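Taking it in order: structure first as structure tokens, then the write-up.
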């Protein structure tokens with residue numbers, strides 16, 4: 200009798216190259232504009248990049264196409280294995296925070312792919328930003344594989360592999376102008392429909408100027424704020440938002456005097472103040488929400504901002520609306 | 058002026074440190090530095106409470122309250138009366 204329980208097929212190893220095709224680049228563009236956000240996925244499992252041998256390095260990444268593609272294109276010319284974890288199509292750092300790029304998933308994927316029988320060494324190179332979800336010593340205990348945290352950015356991998364030492368620069372996360380600007384399209388895509396709806400409603404209530412005010416408020420947050428972030432005064436995103444919103448509101452406040460010279464002075468001032476109160480409050484609320492898209496705000500800091508400034512936003516917004524409505528009826 | 062980011066929940070106990078330097082490897086903002094055979098907390102205000110150091114410290118010398126830190130999630134949790142915010146916004 201043949202003992203069939205001992206016959207198991209070796210798990211599949213999928214081929215991978217370092218080449219990014221036009222189709223890949225189109226997929227990246229769609230991801231960057233927020234099209235089908237959670238569907239930019241790669242099948243989890245073990246991939247062979249080039250012609251790896253049992254001594255070749257094993258790189259670990261998330262099953263988000265941008266993560267997988269950044270990794271494989273960065274190690275062009277290097278033969279290795281890529282262990283793709285199932286992070287539900289979420290990038291490394293966010294998945295690590297959620298726990299899906301985590302100790303359990305690393306362990307499970309190592310066993311599911313039969314990695315022990317594929318490579319002779321016992322080392323896994325993980326992206327540094329997987330660390331919030333992975334306890335390196337736990338992985339070692341449960342799989343025998345030692346976790347080595349590689350650089351933050353895949354682009355630094357070739358240099359890292361030469362020295363096996365990460366420089367301070369490789370280990371630090373910035374938030375450059377380019378990083379910030381990359382966020383603008385997806386922010387715009389999410390906010391454009393609600394903004395247009397509000398603009399249309401405001402057109403019927405307050406005319407074209409009110410519509411423009413709404414659109415300006417939103418554009419200030421989505422486009423100007425990411426660009427100007429480090430140069431706006433104060434550390435708090437709410438107060439930066441109040442300042443930016445105030446600046447955006449100034450032209451509107453001034454046009455009240457230019458467009459309605461026939462109004463009484465208190466009606467002019469009331470309307471102008473309406474813009475100066477309502478617009479910054481909305482901008483500040485939106486910029487406070489931008490904290491989640493940055494690489495450096497702490498949970499404690501955001502919570503403190505919420506408690507300190509949400510009431511201020513609510514009161515100034517209400518004051519702005521009341522002023523606008525009051526002077527619609529008072530002549 | 059009030060700076061919301063002037064404080065955070067990062068706590069480091071140097072007496073528990075075994076010198077493995079994992080905290081310096083995993084931190085994205087160089088909060089820790091090696092000082093001989095012990096880690097030193099050099100930039101506590103730069104800490105974003107991601108929790109990587111806590112999770113990778115074998116001796117539990119570091120504690121920090123990491124968790125979902127996005128304003129929208131925290132506001133939503135507060136409005137729904139939930140204790141902890143979750144990430145499922147998409």
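Protein chains in written order, with the numbering used here: chain A, 200 to 530; chain B, 58 to 147.
Glycine included, every Cβ here is placed at the ideal spot set by N, Cα and C.
Quick caveat: nothing in here was measured; it's all calculated off a predicted structure.
Distance CB(residue i)-CB(residue j) smaller than 8 Å
i: residue 310/A; j: residue 332/A; result: no
i: residue 440/A; j: residue 494/A; result: no
i: residue 397/A; j: residue 413/A; result: yes
i: residue 490/A; j: residue 106/B; result: no
i: residue 313/A; j: residue 209/A; result: yes
i: residue 71/B; j: residue 371/A; result: no
i: residue 113/B; j: residue 330/A; result: yes
i: residue 480/A; j: residue 516/A; result: yes
i: residue 327/A; j: residue 357/A; result: no
i: residue 406/A; j: residue 473/A; result: no
i: residue 273/A; j: residue 354/A; result: yes
i: residue 422/A; j: residue 394/A; result: no
i: residue 496/A; j: residue 126/B; result: yes
i: residue 131/B; j: residue 501/A; result: yes
i: residue 306/A; j: residue 246/A; result: no
i: residue 121/B; j: residue 108/B; result: yes
i: residue 266/A; j: residue 382/A; result: no
Proximity winner among the options, relative to residue i (alpha-carbon distances)
i: residue 87/B; options: 142/B, 72/B and 101/B; result: 101/B
i: residue 455/A; options: 335/A, 443/A and 475/A; result: 475/A
i: residue 233/A; options: 523/A, 385/A, 276/A and 272/A; result: 385/A
i: residue 346/A; options: 285/A, 429/A and 257/A; result: 257/A
i: residue 224/A; options: 264/A, 212/A and 253/A; result: 264/A
i: residue 244/A; options: 221/A, 211/A, 219/A and 253/A; result: 211/A
i: residue 446/A; options: 462/A, 461/A and 427/A; result: 427/A
i: residue 321/A; options: 429/A, 496/A and 254/A; result: 254/A
i: residue 504/A; options: 129/B, 93/B, 109/B and 111/B; result: 129/B
i: residue 242/A; options: 430/A, 365/A, 288/A and 278/A; result: 288/A
i: residue 252/A; options: 366/A, 220/A, 280/A and 506/A; result: 280/A
i: residue 431/A; options: 521/A, 421/A, 420/A and 443/A; result: 443/A
i: residue 32/B; options: 438/A, 466/A, 468/A and 365/A; result: Chain B is shown from 58 up to 147; residue 32/B falls before or after that span and cannot be answered.
i: residue 63/B; options: 92/B, 97/B and 104/B; result: 104/B
i: residue 337/A; options: 116/B, 69/B and 92/B; result: 116/B
Residue i, buried or exposed, once every other Cβ within 10 Å from all chains shown has been counted against 16
i: residue 76/B; result: exposed
i: residue 464/A; result: exposed
i: residue 316/A; result: exposed
i: residue 295/A; result: buried
i: residue 324/A; result: buried
i: residue 292/A; result: buried
i: residue 436/A; result: buried
i: residue 139/B; result: exposed
i: residue 512/A; result: buried
i: residue 391/A; result: exposed
i: residue 226/A; result: buried
i: residue 262/A; result: buried
i: residue 141/B; result: exposed
i: residue 522/A; result: buried
i: residue 308/A; result: buried
i: residue 69/B; result: buried
i: residue 221/A; result: exposed
For residue j and residue i, the rounded distance between their alpha carbons
i: residue 510/A; j: residue 95/B; result: 44 Å
i: residue 403/A; j: residue 268/A; result: 48 Å
i: residue 214/A; j: residue 360/A; result: 22 Å
i: residue 339/A; j: residue 136/B; result: 41 Å
i: residue 119/B; j: residue 526/A; result: 57 Å
i: residue 286/A; j: residue 303/A; result: 12 Å
i: residue 433/A; j: residue 61/B; result: 10 Å
i: residue 378/A; j: residue 459/A; result: 43 Å
i: residue 429/A; j: residue 318/A; result: 46 Å
i: residue 271/A; j: residue 80/B; result: 27 Å
i: residue 143/B; j: residue 297/A; result: 8 Å
i: residue 408/A; j: residue 451/A; result: 8 Å
i: residue 238/A; j: residue 488/A; result: 24 Å
i: residue 82/B; j: residue 275/A; result: 25 Å
i: residue 249/A; j: residue 410/A; result: 56 Å
i: residue 524/A; j: residue 367/A; result: 56 Å
i: residue 485/A; j: residue 508/A; result: 12 Å
i: residue 67/B; j: residue 506/A; result: 20 Å
i: residue 387/A; j: residue 362/A; result: 42 Å
Give, in chain order, every residue of the region 237-270 of chain A whose Cβ lies closer than 8 Å to some Cβ of chain B.
237
Scan the region 429-463 of chain A for residues whose Cβ lies nearer than 9 Å to a Cβ of chain B and list them as they occur along the chain.
433, 434, 435, 436, 437 and 438
Report the residues of the region 316-347 of chain A with a CB closer than 8 Å to any CB of chain B, ordered along the chain.
327, 328, 330, 331, 332, 333, 334, 335 and 336
Could you please tell me which residues of the region 365-377 of chain A, in chain order, have their CB closer than 8 Å to any CB of chain B?
365, 367, 370, 371 and 372
Interfacial residues, the region 503-518 of chain A to chain B, with Cβ spacing under 7 Å
Interface annotation for the region 503-518 of chain A against chain B: 503, 504, 505 and 507, criterion Cβ-Cβ distance under 7 Å.
Name, going along the chain, the residues of the region 72-92 of chain B whose beta-carbon falls closer than 7 Å to a beta-carbon of chain A.
79, 82, 83, 85, 86 and 87
If you measure beta-carbon to beta-carbon, which residues of the region 270-294 of chain A are closer than 7 Å to chain B?
For the region 270-294 of chain A, there are no residues whose beta carbon sits under 7 Å from a beta carbon of chain B.
Near-chain A residues of the region 111-124 of chain B - C-beta to any C-beta below 8 Å:
112, 113, 115, 122, 123 and 124
Determine which residues of the region 298-316 of chain A have a Cβ less than 8 Å from any Cβ of chain B, and write them out in chain order.
none
Residues from the region 94-107 of chain B in contact with chain A, defined by Cβ distance under 9 Å
103, 104, 105, 106 and 107
Note down, in chain order, all residues in the region 351-364 of chain A with a beta-carbon under 8 Å from any beta-carbon belonging to chain B.
Listed in sequence order: 351.
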